[in-house]
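Protein chains in written order, with full-length UniProt numbering: chain D, 1 to 309; chain Y, 1 to 309.
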């Protein structure tokens, strides 16, 4: 058992896909995330006591944090139970891994309270159970960066294998969340089931270059590799002002721009804080001038992932 | 002008695709390559004087080295001309970049004789003109590693961008060339024009992992990422004994096995020479026992690429 009876957990938002890495790449954000309080109870099982900031179910089986927690407990079989309180700061359906943050936070916190029987890497499959509830898909491209921090590659699922890469030190991410809700499932529907081999090759070249750029800390290459020929052409129409936001960001010096996860948030990779602020300024102006409500914020890449507050 | 009147060039064989990097990845071999003699002549233009080792056309416009050379001369417009002699050691249609070697050697040698006006990286598009003749496709996945050495990523063609990664020091490649000739164009025909999005994602995960493994020098991950769910399922039937060769190599300790380029050669990545020799032994035995003529050889990765002898 652990010395903690209660933990407070920071559950970071994440950007999945990163344009060239559809269903493969992700990165962990620092500036935005949920907060969770988890405490041990004598009564076994999981209870969600309180959720602020979003209209989500307190029913354990209908809540991603609940589902993830239960799946971990089914594996660890502790004698105690857990109470969870969630302060949602990440808007559900915003495209920056809201459900993944809750799922990651729940399993991370419970693991801590039980004296860290599992490595954080081993928590990924349990957090993924929460994602199944949220998006009907068994995917790790948000929970992996949420738990591990930095950039992550989901190599594959059979068996599950996730790799982690440090971000270049001076990399910043600017994000805009146009205030519509876009469910991952709805955003999946617009994607064709088949794609031309040529398109797959084009995407592959950029993905390989992106991973190379991360290792060589080549900011400009990272930007040139931030291209999506698979999902973006189909999804951009779902996102208010996407094409203007993209061109404005690039004009303002962003390295690369794309849809965060399945949208509607848009991310821009920037070298240095000043550049990220330029993009932020341009986006705020664009959305105001077009009368579209939007949140704009800046974040560095979070090297640590989910952690105790 | 240069101090050389005549150069001898080693034109290395290459392995393209590397399973997960269809039309993107390539590596340069050390143990096998063509040799070329190129000399300056007063008469402008290009002449192919002699070819040994393969039945190839001496007509400049029908020869990949000739076509590549002419395309370079059209750009550099020197007052002199060039005579080329080619000693083919790489069998055309073997799947280890025979045409790319000749094309790369021609432009490399001519560039040297003219006093190196271009970087070797800038020679890639001229060598690619030779590939168009050979396979009706404008591709760089063999000429790039032939010219640059190491591992290469073809990021994309518009504009052409090629990246280079050093090989892990102790990486060996074992190759078997079952003696049938398989033309790249014929091997392209069996590939479907469309593929499922799920398949593209699976391939992407392995490609990203492969590039990561090269940078982190993680031999085992390199092996686990050597998977091809796009071309191999369609091409393996064109290659004598493919599935036996693959399982024998893996049993003998190979990290990963796949089709070299468009085949029929098969490559195995191995950690250390002893492991590569194990695979070589197993393959020699398998092909002899099945009465299929085959050449088996071992090579390290060539860090230098095309070079003067």
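Backbone N, C-alpha and C fix where the C-beta goes; we use that ideal spot for every residue, glycine too.
It should be emphasised that the depicted structure is a prediction, and the values quoted were computed from it without experimental measurement.
Just checking: is the beta-carbon of residue i within a distance shorter than 8 Å of some beta-carbon in chain D?
{"i": "residue 166(Y)", "result": "no"}
{"i": "residue 10(Y)", "result": "no"}
{"i": "residue 77(Y)", "result": "no"}
{"i": "residue 1(Y)", "result": "Confidence in residue 1(Y) is poor, its pLDDT being 49 and thus under 50, which makes the residue's placement unreliable; the coordinate value appears in the next sentence. With 8 Å as the cut-off, residue 1(Y) does not count as an interface residue toward chain D."}
{"i": "residue 206(Y)", "result": "yes"}
{"i": "residue 200(Y)", "result": "yes"}
{"i": "residue 132(Y)", "result": "no"}
{"i": "residue 215(Y)", "result": "yes"}
{"i": "residue 234(Y)", "result": "no"}
{"i": "residue 191(Y)", "result": "yes"}
{"i": "residue 225(Y)", "result": "yes"}
{"i": "residue 129(Y)", "result": "no"}
{"i": "residue 194(Y)", "result": "yes"}
Which residues in the same chain as residue i place their Cβ atom closer than 6 Å to its Cβ, once the five residues preceding and following it in sequence are excluded?
{"i": "residue 98(Y)", "result": "90, 92"}
{"i": "residue 81(Y)", "result": "41, 43, 44, 45"}
{"i": "residue 248(D)", "result": "282, 286"}
{"i": "residue 240(Y)", "result": "178, 292"}
{"i": "residue 8(Y)", "result": "37, 309"}
{"i": "residue 118(Y)", "result": "111"}
{"i": "residue 175(D)", "result": "265, 267, 297"}
{"i": "residue 120(Y)", "result": "147"}
{"i": "residue 88(Y)", "result": "34, 53, 54"}
{"i": "residue 254(D)", "result": "268, 270, 279"}
{"i": "residue 295(D)", "result": "177"}
Between the alpha carbons of residue i and residue j, how many angstroms are there, rounded?
{"i": "residue 205(Y)", "j": "residue 153(Y)", "result": "16 Å"}
{"i": "residue 17(D)", "j": "residue 252(D)", "result": "23 Å"}
{"i": "residue 129(Y)", "j": "residue 74(Y)", "result": "12 Å"}
{"i": "residue 250(Y)", "j": "residue 243(Y)", "result": "11 Å"}
{"i": "residue 302(D)", "j": "residue 272(Y)", "result": "38 Å"}
{"i": "residue 32(D)", "j": "residue 186(Y)", "result": "53 Å"}
{"i": "residue 158(Y)", "j": "residue 148(Y)", "result": "20 Å"}
{"i": "residue 84(D)", "j": "residue 156(D)", "result": "31 Å"}
{"i": "residue 268(Y)", "j": "residue 162(Y)", "result": "24 Å"}
{"i": "residue 265(D)", "j": "residue 39(D)", "result": "33 Å"}
{"i": "residue 13(Y)", "j": "residue 53(Y)", "result": "15 Å"}
{"i": "residue 231(D)", "j": "residue 230(Y)", "result": "19 Å"}
{"i": "residue 78(Y)", "j": "residue 109(Y)", "result": "14 Å"}
{"i": "residue 181(Y)", "j": "residue 278(Y)", "result": "26 Å"}
{"i": "residue 66(Y)", "j": "residue 34(Y)", "result": "15 Å"}
{"i": "residue 197(Y)", "j": "residue 290(Y)", "result": "38 Å"}
{"i": "residue 76(Y)", "j": "residue 280(D)", "result": "47 Å"}
{"i": "residue 94(D)", "j": "residue 51(D)", "result": "18 Å"}
{"i": "residue 284(D)", "j": "residue 183(D)", "result": "24 Å"}
{"i": "residue 258(D)", "j": "residue 193(Y)", "result": "27 Å"}
{"i": "residue 260(D)", "j": "residue 274(D)", "result": "21 Å"}
{"i": "residue 246(D)", "j": "residue 236(Y)", "result": "43 Å"}
Keeping to the same chain, check which residues put their C-beta closer than 8 Å to that of residue i; ignore five residues upstream and five downstream.
{"i": "residue 188(Y)", "result": "135, 137, 262"}
{"i": "residue 173(D)", "result": "15, 27, 29, 267, 268, 269, 270, 276, 298, 299, 300, 301"}
{"i": "residue 150(D)", "result": "27, 28, 164, 165, 166, 167, 301, 302, 303, 305"}
{"i": "residue 59(Y)", "result": "48, 66"}
Enumerate in chain order the residues of its own chain whose CB-to-CB distance from residue i is below 7 Å, with the five nearest sequence positions on each side excluded.
{"i": "residue 213(Y)", "result": "221, 222, 225"}
{"i": "residue 288(D)", "result": "none"}
{"i": "residue 311(D)", "result": "This structure cannot settle anything about residue 311(D), because the visible part of chain D is limited to 1 through 309."}
{"i": "residue 143(Y)", "result": "100, 103, 104, 124, 127, 128, 131"}
{"i": "residue 107(Y)", "result": "68, 69, 72, 123, 126, 127"}
{"i": "residue 5(Y)", "result": "39, 40"}
{"i": "residue 49(D)", "result": "83, 84, 85"}
{"i": "residue 63(Y)", "result": "48, 56, 57"}
{"i": "residue 217(D)", "result": "168"}
Rounded to whole angstroms, how far is the Cβ of residue i from the Cβ of residue j, which I believe are closer than 8 Å?
{"i": "residue 26(D)", "j": "residue 170(D)", "result": "The Cβ separation is near 20 Å, so there is no contact."}
{"i": "residue 215(D)", "j": "residue 215(Y)", "result": "4 Å"}
{"i": "residue 238(D)", "j": "residue 200(Y)", "result": "About 21 Å; that fails the 8 Å criterion."}
{"i": "residue 10(D)", "j": "residue 307(D)", "result": "6 Å"}
Return no unless some Cβ of chain Y is closer than 8 Å to the Cβ of residue i.
{"i": "residue 125(D)", "result": "no"}
{"i": "residue 22(D)", "result": "yes"}
{"i": "residue 156(D)", "result": "yes"}
{"i": "residue 209(D)", "result": "yes"}
{"i": "residue 119(D)", "result": "no"}
{"i": "residue 177(D)", "result": "no"}
Contiguous beta strand (DSSP E) assignments of at least 3 residues, all confined to the UniProt domain "GHMP kinase C-terminal" (211 to 286) of chain Y: Listed in chain order, they are 256 to 259, 266 to 271.
Beta strand (DSSP E) runs wholly inside the segment 66 to 139 of chain Y, at least 3 long, in chain order: Within the segment 66 to 139 of chain Y, the beta strand (DSSP E) runs of at least 3 residues that lie entirely inside it are, in chain order, 81 to 87.
Continuous beta strand (DSSP E) assignments of at least 3 residues falling wholly in the segment 11 to 71 of chain D: At a cut-off of 3 residues, the continuous stretches assigned as beta strand (DSSP E) that sit fully inside the segment 11 to 71 of chain D are 25 to 41, 45 to 52.
Minimum length 3: unbroken beta strand (DSSP E) runs contained in the segment 158 to 211 of chain D: At a cut-off of 3 residues, the continuous stretches assigned as beta strand (DSSP E) that sit fully inside the segment 158 to 211 of chain D are 160 to 165, 171 to 178, 194 to 196.
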